[in-house]
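Presented below is the structure to which this report refers.
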(Lines of atoms letter the chains of each structure in order from A; the text may use other names.)
(Lines give C-alpha, C1' and ligand atoms only; values in the text may rest on other atoms or scores of the structure.)
Protein backbone atom coordinates (compact mmCIF):
# COMPACT_ATOMS: atom_id res chain seq x y z
CA UNK A 1 0.00 0.00 0.00
CA UNK A 2 1.13 3.56 -0.73
CA UNK A 3 -0.28 6.03 1.85
CA UNK A 4 -0.08 9.72 1.04
CA UNK A 5 -0.93 12.81 3.08
CA UNK A 6 -1.25 16.10 1.19
CA UNK A 7 -1.61 19.45 2.91
CA UNK A 8 -3.03 22.42 1.05
CA UNK A 9 -3.09 26.00 2.27
CA UNK A 10 -5.30 28.45 0.42
CA UNK A 11 -3.37 31.49 -0.77
CA UNK A 12 -6.20 33.78 0.34
CA UNK A 13 -9.39 33.36 2.34
CA UNK A 14 -11.30 34.15 -0.85
CA UNK A 15 -9.86 30.94 -2.38
CA UNK A 16 -11.29 28.67 0.34
CA UNK A 17 -14.81 28.10 -1.08
CA UNK A 18 -13.51 27.22 -4.56
CA UNK A 19 -10.93 24.79 -3.15
CA UNK A 20 -13.52 23.12 -0.90
CA UNK A 21 -15.97 22.71 -3.77
CA UNK A 22 -13.32 21.32 -6.12
CA UNK A 23 -12.05 18.79 -3.57
CA UNK A 24 -15.60 17.62 -2.84
CA UNK A 25 -16.17 17.03 -6.57
CA UNK A 26 -12.92 15.08 -6.87
CA UNK A 27 -13.77 12.45 -4.25
CA UNK A 28 -15.98 10.10 -6.28
CA UNK A 29 -13.74 10.40 -9.33
CA UNK A 30 -10.67 9.46 -7.30
CA UNK A 31 -12.39 6.56 -5.54
CA UNK A 32 -13.36 5.11 -8.95
CA UNK A 33 -9.77 5.14 -10.20
CA UNK A 34 -7.76 1.92 -10.46
CA UNK A 35 -5.80 1.27 -7.29
CA UNK A 36 -7.50 3.89 -5.11
CA UNK A 37 -8.25 2.37 -1.71
CA UNK A 38 -9.07 5.60 0.15
CA UNK A 39 -9.37 9.25 -0.83
CA UNK A 40 -10.62 11.74 1.76
CA UNK A 41 -10.44 15.52 1.91
CA UNK A 42 -10.63 17.34 5.24
CA UNK A 43 -11.07 21.05 5.99
CA UNK A 44 -9.39 22.25 9.18
CA UNK A 45 -11.59 23.68 11.91
CA UNK A 46 -8.51 25.36 13.44
CA UNK A 47 -7.23 27.16 10.34
CA UNK A 48 -9.90 27.75 7.67
CA UNK A 49 -7.26 28.08 4.94
CA UNK A 50 -5.93 24.52 5.50
CA UNK A 51 -7.08 21.30 3.83
CA UNK A 52 -5.69 17.80 4.34
CA UNK A 53 -6.00 14.97 1.84
CA UNK A 54 -5.60 11.38 3.05
CA UNK A 55 -5.00 8.93 0.22
CA UNK A 56 -4.23 5.21 0.15
CA UNK A 57 -3.19 3.64 -3.15
CA UNK A 58 -2.43 0.01 -3.94
CA UNK A 59 1.01 1.12 -5.12
CA UNK A 60 3.06 4.18 -5.94
CA UNK A 61 2.49 3.36 -9.63
CA UNK A 62 -1.29 3.65 -9.11
CA UNK A 63 -0.82 7.05 -7.47
CA UNK A 64 1.44 8.21 -10.31
CA UNK A 65 -1.18 7.10 -12.87
CA UNK A 66 -3.79 9.06 -10.88
CA UNK A 67 -1.99 12.25 -11.92
CA UNK A 68 -2.91 11.62 -15.55
CA UNK A 69 -6.61 10.99 -14.95
CA UNK A 70 -9.69 13.25 -14.91
CA UNK A 71 -9.81 14.26 -11.24
CA UNK A 72 -6.32 15.72 -11.39
CA UNK A 73 -6.34 16.98 -14.97
CA UNK A 74 -9.80 18.58 -15.05
CA UNK A 75 -10.29 19.70 -11.43
CA UNK A 76 -7.13 19.68 -9.28
CA UNK A 77 -4.64 21.27 -11.68
CA UNK A 78 -6.88 24.07 -13.00
CA UNK A 79 -9.02 24.76 -9.90
CA UNK A 80 -7.02 23.85 -6.78
CA UNK A 81 -3.29 24.27 -7.41
CA UNK A 82 -3.47 27.87 -8.64
CA UNK A 83 -5.22 28.77 -5.35
CA UNK A 84 -3.14 26.79 -2.85
CA UNK A 85 0.31 25.94 -1.58
CA UNK A 86 0.81 22.16 -1.56
CA UNK A 87 3.00 19.75 0.38
CA UNK A 88 2.84 16.02 -0.40
CA UNK A 89 3.98 13.52 2.21
CA UNK A 90 4.33 9.88 1.13
CA UNK A 91 3.93 8.19 4.49
CA UNK A 92 4.20 4.99 6.48
CA UNK A 93 1.18 3.79 8.45
CA UNK A 94 2.27 3.28 12.06
CA UNK A 95 0.95 0.30 13.95
CA UNK A 96 -0.73 -1.08 10.85
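Residue numbers (full-length UniProt numbering): 1 to 96. C-beta atoms are modelled at their ideal positions from N, C-alpha and C, and glycine is treated no differently. Given the structure is predicted, the values throughout are model-derived calculations rather than measurements.
My understanding is that residue 27 touches residue 39, with C-beta atoms under 8 angstroms, so please give their C-beta distance in whole angstroms. One-based indexing of the chain shown puts residue 27 at position 27. One-based indexing of the chain shown puts residue 39 at position 39. Confirmed, Cβ separation roughly 6 angstroms.
Between the beta-carbon of residue 65 and the beta-carbon of residue 6, is there less than 8 angstroms? As a working mapping, residue 65 is identified with position 65 in the chain shown. As a working mapping, residue 6 is identified with position 6 in the chain shown. No, Cβ-Cβ distance for residue 65 and residue 6 is not below 8 angstroms.
Which class does residue 20 belong to by DSSP, given the choice of helix, strand or coil? The count along the chain shown starts at 1 and reaches residue 20 at position 20. Looking at residue 20 - three-state DSSP - the assignment turns out to be helix.
Endpoints, alpha helix (DSSP H) assigned at residue 60: Within the chain shown, numbered from 1, the residue matching residue 60 stands at position 60. Residues 60–66.
Using only CA atoms, which one of 60, 82 and 95 lies nearest to residue 15? Your numbering for residue 15 matches position 15 in the chain shown. Nearest C-alpha to residue 15: 82.
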